[in-house]
Structure formats: C-alpha cells, structure tokens
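J.: Oh and the sequence shown: position 133 is 133 in the working numbering, straight run, nothing missing. Here a beta-carbon is modelled for each residue, glycine too, at the ideal position from N, C-alpha and C.
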Amino acid sequence: MIQPFTADPIRFVSEDGRPIHPLPAQYTPAFLRELHGLMLLGREFDRKLITLLRQGRTSFYAQASGMEATQIGLAKAIRPKHDWVWGYYRDQVLALGLGVPLFNLISQCLGSNTDESRGRQMPHHFSSREYNFASISSSIASQVPPAAGSAMAQKYLGTDEITVCTFGDGATSEGDWHAGMNMAGANQAPGLFVCENNQWAISTHLRHQTASENIHIKAKAYGMPGFYVDGNDVVAVLEVCHHAAEWVRAGNGPALVECLTYRVGSHSNADADAEKSYRTRDEVNEWLGRDPITRVEHLLEHLGDPISAEERAGMIAAIHKQVDDEVLRAEAAGYPDWRIMFEDVYSDMPDHLRQQAQYLREEQEAQA
Ligand SMILES: Cc1ncc(C[n+]2csc(CCOP(=O)(O)OP(=O)(O)O)c2C)c(N)n1
Ligand SMILES: [Mg+2]
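#1: Given 7 Å as the limit, tell me if Phe167 has its C-beta closer than that to any heavy atom belonging to ligand 1.
#2: Any idea what DSSP makes of Gln19, helix, strand or coil?
#3: Given 7 Å as the limit, tell me if Asn198 has its C-beta closer than that to any heavy atom belonging to ligand 2.
#4: For Tyr89, count neighbouring C-beta atoms within 10 Å of its own C-beta (all shown protein chains included) and say buried if the count is 16 or more, exposed if not.
#5: Around the C-beta of Thr163, are 16 or more other C-beta atoms found within 10 angstroms, so that it is buried, or is it exposed?
#6: Span of the alpha helix (DSSP H) holding Tyr359?
#7: Is it buried or exposed for Asp325, if we count other Cβ within 10 angstroms and need 16 for buried?
#8: Are the beta-carbon atoms belonging to Asn197 and Cys259 less than 8 Å from one another?
#9: For Ser128, name the three-state secondary structure that DSSP assigns.
#10: Indicate, with yes or no, if ligand 2 has a heavy atom lying under 7 Å from the CB of Asp244.
#11: Taking the beta carbon of Val264 as the centre, do at least 16 other beta carbons fall within 10 Å, making it buried, or is it exposed?
#12: For the beta strand (DSSP E) that Asn285 lies in, which residues bound it at each end?
#13: Tell me the rounded alpha-carbon separation between His243 and Gly158.
#14: Between the alpha carbons of Leu105 and Val194, how many angstroms are there, rounded?
#15: So does Arg263 have its beta carbon nearer than 7 Å to some heavy atom of ligand 1?
#16: Could you check which residue in Val323, Asp348, Tyr359, Phe5 has the C-alpha nearest to that of Thr381?
#17: Mind checking whether the beta-carbon of Ala62 lies closer than 7 Å to any heavy atom of ligand 2?
#18: Using 10 angstroms around the beta-carbon of Met1, count the other beta-carbons present and answer buried if the total reaches 16, otherwise exposed.
#19: Suppose you measure from the CA of Arg329 to the CA of Gln55; what does that come to, to the nearest Å?
#20: Do you know whose CA, among Gly253, Glu213, Val237, lies nearest Met181's CA?
#21: Determine the DSSP secondary structure at Phe227, reduced to helix, strand or coil.
#22: Does DSSP put Phe167 in a helix, in a strand, or in coil?
#23: Say the cut is 7 Å; is the CB of Ala201 nearer than that to a heavy atom of ligand 2?
#24: Please determine, among Ser59, Ala30, Gln63, the residue with the shortest C-alpha to C-alpha distance to Gly42.
#25: Going along the chain, which residues of its own chain have a beta-carbon closer than 8 Å to the beta-carbon of Ser277, five neighbours each way excluded?
#26: Cβ of Gly170 versus every heavy atom of ligand 1: is any distance shorter than 7 Å?
#27: If we ignore side chains and look at the alpha-carbon of each, how far apart do Ala179 and Asn132 end up?
Okay, here's the thing in structure tokens:
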C-alpha cells in the first residue's frame with residue numbers, strides 16, 4: 001500500500017480522526033497514547049523554552065509547534081542509539097522521541113556545565129554521542145553531505161545501521177542538499193532523507209523555493225524512491241518512514257520522504273511572524289485546525305479510549321513541572337569557565353591557541 005511518488009500525501013487517519021485504512025495491529029490505544037504523550041511533551045517543551053527565552057535565560061529557540069507528528073512518527077520508525085541522525089535546528093521533538101533526556105536538551109539551551117558541548121555551540125544546537133545525534137549546524141543543508149558520508153561509511157563497514165538526515169523545505173534549494181543527495185544516490189548508501197516540509201523558509205513560501213511540483217519528486221533525479229506523506233498524521237508518518245527505513249536498511253540504497261506539515265509558530269525568535277508581514281492569520285488558523293495532537297485525540301475517542309480534559313491538563317502540568325525542575329538543576333550546575341574553549345579541540349594545543357589562551361588569562365587577571 002505504501003508506494004513512492006504518489007500525487008497526494010499518504011494518510012492513514014482523516015483530519016477528523018477516523019482511520020482511512022484499517023490501522024496496523026500495533027496501533028492499540030496504549031501505543032497511540034504513547035505517541036500522543038510524546039507529541040504533547042514536544043509541544044509543551046517548546047512552550048516552556050519560549051518562556052525561558054523571554055526571561056533572558058537562553059538566547060535562541062526555534063519551535064516545532066504543529067510539526068510534532070512528523071518528528072515523533074520519524075523517531076518511532078527508526079532505531080534509537082543505533083541509527084545515526086543528522087538533524088536540523090527544529091528537531092527537538094525528534095530528539096525527545098528518540099529518548100534524549102529533557103535534561104540534555106535544556107542543559108544545551110542554557111549552555112550550563114551539564115551541557116555535553118559545554119556551552120560551545122549556539123543555544124538550541126544540541127548533539128548526543130549516546131544517541132548518535134550529530135551536532136546541529138545552523139548553515140542550512142550543511143548536514144546533508146556529511147550524512148551521505150556517514151551512510152557511505154555504514155555501507156562500507158557492512159553494519160545494519162542507517163543514517164537519517166532531516167531538513168526543511170528551504171534546505172532543498174541549497175547546493176549542499178543536491179550534492180549530498182547525489183552522493184548518497186550514486187553510492188547507493190543507506191540514507192533516509194526526510195524533508196520536514198512546513199511550507200515556509202522564514203518568509204519564503206515553498207512556491208518561490210522550487211519550480212518542481214513538490215519536493216519528493218526530486219528523488220527521481222538521484223535514483224531513489226520519493227515518498228509523500230501527510231506530516232500531521234502520526235500513524236502515516238510512522239508507517240511510511242518505517243517502510244522507507246527498512247527498505248534502506250535492506251541494502252536497496254537511499255530514500256527520500258517528504259512530510260507535508262506546517263509551522264504554526266514563528267520561525268525563531270528572530271522573525272517578523274508576529275507582525276503578520278509574510279503570511280495571513282487565516283492561513284495560520286486553517287493549519288491550527290489541522291492540529292496533529294488533536295487528530296490523535298479524536299482517533300482515541302473514535303477507538304473508545306478518550307483522553308479526558310482533566311487527564312490532558314494533568315499531563316501538561318507534569319511536563320511543565322519536569323521542565324522547571326530540570327532547568328533549575330541545569331542552572332544550579334553553573335556555567336563553564338572560559339578556559340574550556342581551548343580544551344577538547346586539539347590533543348596538542350597549537351602555538352597560536354596557546355598564545356590566545358595566555359592573552360585571555362592576562363586580560364582576566366587584569367580585570368580581576
Ligand atoms: C546557508 C544558509 N543560508 C541562509 C540561512 C538563514 N536561514 C536560517 S533558517 C532559514 C530558513 C530555512 O527554512 P527551511 O529549510 O524550510 O526550515 P524551517 O526553518 O522552515 O524548518 C534561513 C534561510 C542559513 N542559516 N544558512
Ligand atoms: Mg520550512
């Protein structure tokens with residue numbers, strides 16, 4: 001049933017929460033509740049981090065509100081800590097879905113001593129060695145060539161790991177994207193490339209981004225299948241991504257999945273969305289009406305296991321408390337000393353860095 005290059009996005013659950021096809025056996029109410037809980041965790045994590053941003057406790061954040069089904073569906077379709085992930089700066093919900101602890105993400109956003117990168121990355125550009133999650137790069141599409149390289153390495157090493165690479169719709173206009181897709185295709189490397197098509201690249205709409213009729217059709221040029229899925233239907237994303245991931249894992253070469261979704265919040269904290277300068281409120285409201293979390297709630301109602309308003313409120317309160325606790329714990333750990341910027345870079349510090357470290361030391365002493 002899951003075919004590449006469909007004219008319409010593949011969908012399992014209608015917008016009002018009814019199964020369009022019989023759901024595979026694993027979609028029990030308990031499993032749907034697990035998916036719902038993870039999506040809600042992503043939604044509320046975003047909300048809390050935006051508050052921290054406004055309080056000046058972190059300085060950059062990009063919310064994924066509206067895109068939770070895409071990221072949780074993908075997370076549940078691959079093997080955490082086994083497959084490699086080259087994500088982008090809006091993938092916090094994907095990371096949470098893979099099991100990366102809230103504390104790691106919060107520590108990174110705050111740049112505290114408990115941050116794995118110890119404050120050396122831009123806030124909200126996390127990584128996790130344990131989860132094979134490569135450090136996020138701000139340069140659009142720059143993760144695609146190294147992801148192709150990582151997939152090529154997996155092929156040469158003969159492992160059953162695959163490389164998962166995500167990016168936005170805007171990224172598909174970059175030279176790096178084409179170079180990476182071509183390299184993965186030419187080498188038949190086990191890469192699963194997932195476009196989180198939220199239809200906007202800051203203020204540039206998809207129709208100005210490409211003359212192609214959609215994104216997934218571009219896969220043809222690189223010799224791989226291109227799947228098109230409703231990115232607000234968590235069941236469809238999980239099923240299509242799992243199908244594509246296992247096809248890739250079986251040694252058939254790479255695949256592209258395009259998830260059609262929408263960013264209902266602002267691009268980042270540097271955006272004119274609030275001034276309504278590039279899109280209408282009607283458009284945003286239309287997509288708010290297609291909320292991926294509400295869709296699962298309607299599906300659960302339909303299956304006779306509804307989440308009550310009290311239960312939902314309790315879930316949200318628990319997430320907020322968990323985030324608050326982890327923020328306090330990360331802040332209590334303090335912030336890295338300036339000296340660490342010279343550490344863990346070279347095994348033998350080169351002379352020019354030694355001189356800079358000495359210069360900074362003298363400056364610090366002079367100011368003390
Ligand atoms: C190479 C490069 N060019 C431009 C930018 C500025 N920039 C940051 S995010 C962004 C839009 C990306 O849109 P998309 O790929 O659709 O991802 P989304 O933010 O919508 O999730 C741009 C142009 C950048 N970071 N890197
Ligand atoms: Mg986009």
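T.: In this structure, then:
#1: For the purposes of this step, residue 167 is identified with residue 167 of the sequence shown, where counting begins at 1. Taking the Cβ of Phe167 as the reference point, at least one heavy atom of ligand 1 falls within a distance shorter than 7 Å.
#2: The count along the sequence shown starts at 1 and reaches residue 19 at position 19. Here the sequence assigns Pro to residue 19, which means Gln is not the residue at that position. If DSSP states are grouped into helix, strand and coil, Pro19 belongs with the strands.
#3: Taking the first residue of the sequence shown as position 1, residue 198 is located at position 198. Yes; taking the cut-off as 7 Å, the Cβ of Asn198 has a heavy atom of ligand 2 nearer than that.
#4: Counting from one through the sequence shown, the residue named residue 89 turns up at place 89. So Tyr89 ends up on the buried side.
#5: Taking the sequence shown and counting its residues from 1, the one referred to as residue 163 is at position 163. Result: buried.
#6: In the sequence shown, counting from the first residue as 1, residue 359 sits at position 359. Counting along the chain, the alpha helix (DSSP H) containing Tyr359 begins and ends at 351-367.
#7: Along the sequence shown, read from residue 1 onward, the residue named residue 325 stands at position 325. By the C-beta density criterion, Asp325 is exposed, having fewer than 16 other C-beta atoms within 10 angstroms.
#8: Numbered from 1 along the sequence shown, position 197 holds the residue referred to as residue 197. Numbered from 1 along the sequence shown, position 259 holds the residue referred to as residue 259. With respect to Cys259, Asn197 sits close: the two C-beta atoms are nearer than 8 Å.
#9: Position 128 of the sequence shown, counting from 1, holds the residue named residue 128. Strand, per DSSP.
#10: Locating residue 244 in the sequence shown gives position 244, counting from the first residue. In the sequence as presented, Asp is not what sits at residue 244; that position holds Ala. Answer for Ala244: no, Cβ out of range of ligand 2.
#11: Residue 264 sits at position 264 when you count from the first residue of the sequence shown. Burial check for Val264: the Cβ neighbour count within 10 Å reaches 16 or more, so the residue is buried.
#12: For the purposes of this step, residue 285 is identified with residue 285 of the sequence shown, where counting begins at 1. It is not in any beta strand (DSSP E) - Asn285 instead sits in the alpha helix (DSSP H) that spans 281-288.
#13: Here residue 243 refers to the residue found at position 243 when the sequence shown is read from its first residue. Here residue 158 refers to the residue found at position 158 when the sequence shown is read from its first residue. Approximately 21 Å between the Cα atoms of the pair.
#14: Taking the first residue of the sequence shown as position 1, residue 105 is located at position 105. Taking the first residue of the sequence shown as position 1, residue 194 is located at position 194. Their backbone Cα atoms lie some 22 Å apart in a straight line.
#15: Taking the first residue of the sequence shown as 1, we reach residue 263 at position 263. Relative to ligand 1, the beta carbon of Arg263 is positioned inside 7 Å of a heavy atom.
#16: The question about residue 381 has no answer, for the chain in this structure spans 1 to 368.
#17: Indexing the sequence shown from 1 puts residue 62 at position 62. Flag unset: Cβ of Ala62 not near ligand 2.
#18: Within the sequence shown, residue 1 is the residue found at index 1, counting from 1. Looking at its Cβ environment, which holds fewer than 16 other Cβ atoms inside 10 Å, Met1 is exposed.
#19: Here residue 329 refers to the residue found at position 329 when the sequence shown is read from its first residue. Here residue 55 refers to the residue found at position 55 when the sequence shown is read from its first residue. Going from the Cα of Arg329 to the Cα of Gln55 covers about 17 Å.
#20: For the purposes of this step, residue 181 is taken as the residue at position 181 of the sequence shown. Just measuring C-alpha positions, the residue of Gly253, Glu213, Val237 sitting nearest Met181 is Gly253.
#21: Locating residue 227 in the sequence shown gives position 227, counting from the first residue. Three-state DSSP puts Phe227 in a strand.
#22: Here residue 167 corresponds to residue number 167 of the sequence shown, with the count starting at 1. Strand, per DSSP.
#23: Along the sequence shown, one-based indexing puts residue 201 at 201. Yes.
#24: Within the sequence shown, residue 42 is the residue found at index 42, counting from 1. Of Ser59, Ala30, Gln63, the residue nearest in Cα terms is Gln63.
#25: Within the sequence shown, residue 277 is the residue found at index 277, counting from 1. Only residues of its own chain outside the window of five on either side were considered, and among them Ser203 have a CB closer than 8 Å to the CB of Ser277, listed in chain order.
#26: For this step, residue 170 is matched to residue 170 along the sequence shown. With a cut-off of 7 Å, the C-beta of Gly170 is classified as near ligand 1, since at least one heavy atom of the ligand falls inside that distance.
#27: Along the sequence shown, one-based indexing puts residue 179 at 179. Along the sequence shown, one-based indexing puts residue 132 at 132. In a straight line, the C-alpha of Ala179 is about 23 Å away from that of Asn132.
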